[in-house]
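S.K.:
Residue numbers (our numbering): 12 to 222.
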């Protein structure tokens, strides 16, 4: 496989040169912007560097070319790429690539599976709920009235619960003692419970003595 690098202003300007140099079956492998000329990176000219090949590479060649492009190497001029021929490759590069593939395979084999249930603690839900309640209280105290969620007043909620409990107790007491004369002597205030006390009954009228 022949690989060659071209430089120009745009890809459209380079396509005729690529086809003429590599043939009608040429494919673009990658492109990047770079600056040429100038002094210390200033006053340079921006050009497009395109790497092309005479044919579509196979999977192994794509991996090696991707590594080469990611490392920033440039295919200056024209060269032949024969990854399958070990004699034409740099021994140090081949050894490094083999070590990298071996290390990646070992890491993938040793990587444990992620089990999110091992990290879950039910106590954290209560802590988050408590913290969220404190945030809402501070927001209400600071004057933030337009909130996405309703702010619950703890005192009002406690009074409502106490009133409902009082109603249930009163209903249960009436079922136990159905005497209508028995009632609550003192009206209960919301949030308080008064023990039921029977109302005193009038004394019976005196009976006349028998004659």
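We put the CB at the ideal spot given by N, CA and C, even for glycine.
(1) Should residue 25 be labelled buried (16 or more other beta-carbon atoms within 10 Å of its own) or exposed?
(2) Does the beta-carbon of residue 172 have 16 or more other beta-carbons within 10 angstroms, so that it is buried, or is it exposed?
(3) Are residue 18 and residue 59 touching if we call contact CB-CB under 8 angstroms?
(4) Over what stretch of residues does the alpha helix (DSSP H) that includes residue 30 continue unbroken?
(5) Residue 144 by DSSP, collapsed to three states: which one?
(6) For residue 146 and residue 152, what's the separation of their Cα atoms in angstroms?
(7) In terms of alpha-carbon separation, which member of 37, 221 and 46 lies closest to residue 55?
(8) Note the first and the last residue of the continuous beta strand (DSSP E) segment covering residue 44.
(9) Quick one: give me the first and last residue of the beta strand (DSSP E) that residue 50 is part of.
(10) Does the distance from the CB of residue 11 to the CB of residue 35 come in under 8 angstroms?
(11) At which residues does the beta strand (DSSP E) containing residue 64 begin and terminate?
(12) Could you give the DSSP three-state label for residue 170: helix, strand or coil?
(13) Where residue 66 and residue 42 are concerned, what is the direct C-alpha to C-alpha distance, given to the nearest angstrom?
(14) Taking just the CA atoms, how far does residue 177 sit from residue 215?
(15) Does the Cβ of residue 60 lie closer than 7 angstroms to at least one heavy atom of the ligand HEM?
(16) Under three-state DSSP, which class holds residue 72?
M.R.: So, from the listed chains and residues:
(1) buried
(2) exposed
(3) yes
(4) 22-33
(5) helix
(6) 10 angstroms
(7) 46
(8) 38-47
(9) Here residue 50 belongs to no beta strand (DSSP E), and DSSP marks it neither H nor E.
(10) This structure cannot settle anything about residue 11, because the visible part of the chain is limited to 12 through 222.
(11) 56-64
(12) helix
(13) 16 angstroms
(14) 34 angstroms
(15) Of ligands this structure carries none, so the ligand HEM is not represented either.
(16) helix
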